[in-house]
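What follows is a short report on a single structure.
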Amino acid sequence: MATPSKPSEAMSFYDIAMNQPSNCCAPNPWKSRLALNFKNIDYSTIWVSMPDITRVRRGLDMDASRKFGDGTDFYTLPVLVDPNTNSKIGDSFDIAIYLQAKYPNSGAGDLFPPQKLDYVFNPENPLLVPLSERKDSEYEEYSKFNTNVDAVFTNYIGLGTYNFPFDPAHAEACKNIFIQRAGVKSWDDFEIKGEVREKMKESFRVALGDLSKLFLKDPSGPFILGEQACYADLIVDGWLRMLRVTLPANEWEEVKGWHGGIFGRLHDGLEKYAEVK
Ligand SMILES: N[C@@H](CCC(=O)N[C@@H](CS)C(=O)NCC(=O)O)C(=O)O
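Residue numbers for the sequence shown follow numbering that gives the first Met the number 0, beginning at 0 and rising by one.
Below is the structure:
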């Protein structure tokens, strides 16, 4: 039987619950939501509270996609369940590959047009929680790009941690998870202010300079390839959507304006794929 060009039964998409759906902000689920909407897929979101992710993921019989620094399993979202093919996919990059393979012609078309994606970021110190290790032969440029973009934004994630819009029903439990992972004493230890904050923001701005250059290659913008969005744009925007709700409003405006306004234009340009269903 030929592969359907568009699925018929709604998929289930697992994302992390925040204080309201419009404040959902986990970057990897965001990459997948943008990809689902880009592909015009019929799906509905299942909201999972952060302390419940391990139970839900194990309940779906899915392995952890990450490890903590000590080698123990780190259970994460997103997960996508596609009843049309009996598939369960538990990593945002794998979800994008899956959507492209199974539904190549849906929605806005190709998520992975061939291109060189020259961006490297090596953090000065190891990240608190290592990123997923991947070896992709397919879409290798995009896979490496994903890892480097994850690295730069994760390196500066501390700027937004204190303002996380946690689901009030689980806020204390979520804060305790973060405290334990970071090995700090109290939630207030996450507050970064004053000169330290300004220095960290400036370092972040500089670190994003090389990334912004990719978006200047085709001046017709707002995407890397000009007017046509691809998965590389969605990867960056997944992180911007976290900053949008975790940075103070004036700082989010600053980020949107960095490097000639490249990130603001990218974010606004992808608004058409950002519906929370
Ligand atoms: N490589 C995985 C990483 C997924 C991941 O790190 N997800 C984070 C949200 S962006 C998560 O579920 N965190 C749960 C937690 O912090 O407890 C992917 O791309 O899907």
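Beta carbons: idealized from backbone N, C-alpha and C, even for Gly. As the structure is a prediction and not an experimental result, all values here were calculated from the model.
C-alpha gap between Asp90 and Ser64, whole angstroms: 7 angstroms
Which residue from Asn18, Cys24, Ile40, Lys143 puts its Cα closest to that of Tyr97? Ile40
Option in Ala34, Gln19, Lys143 with minimal Cα separation from Trp46: Gln19
Taking DSSP as the reference, what is the three-state secondary structure of Glu72? With the sequence shown as reference, residue 72 is identified as Asp, and Glu is not the correct amino acid for it. Looking at Asp72 - three-state DSSP - the assignment turns out to be strand.
So, using beta-carbon positions, are Ser164 and Asn27 closer together than 8 angstroms? Per the sequence shown, residue 164 should be read as Pro rather than Ser. No, the pair does not count as a contact, with Cβ atoms beyond the cut-off.
From Gly256 to Phe262, what distance separates their C-alpha atoms? 7 angstroms
Among Thr146, Ala168, Ile178, Asn147, which residue has its Cα nearest to the Cα of Tyr161? Ile178
Distance, Trp238 Cα to Val80 Cα: 23 angstroms
Can the beta-carbon of Arg180 be found closer than 8 angstroms to that of Gly220? no
Report yes if the C-beta of Asp90 is less than 7 angstroms from at least one heavy atom of ligand 1; otherwise report no. yes
Going by the DSSP bridge assignment, what does Gly225 pair with across the sheet? Phe222
Taking 7 angstroms as the cut-off, is the CB of Ile45 close to at least one heavy atom of ligand 1? no
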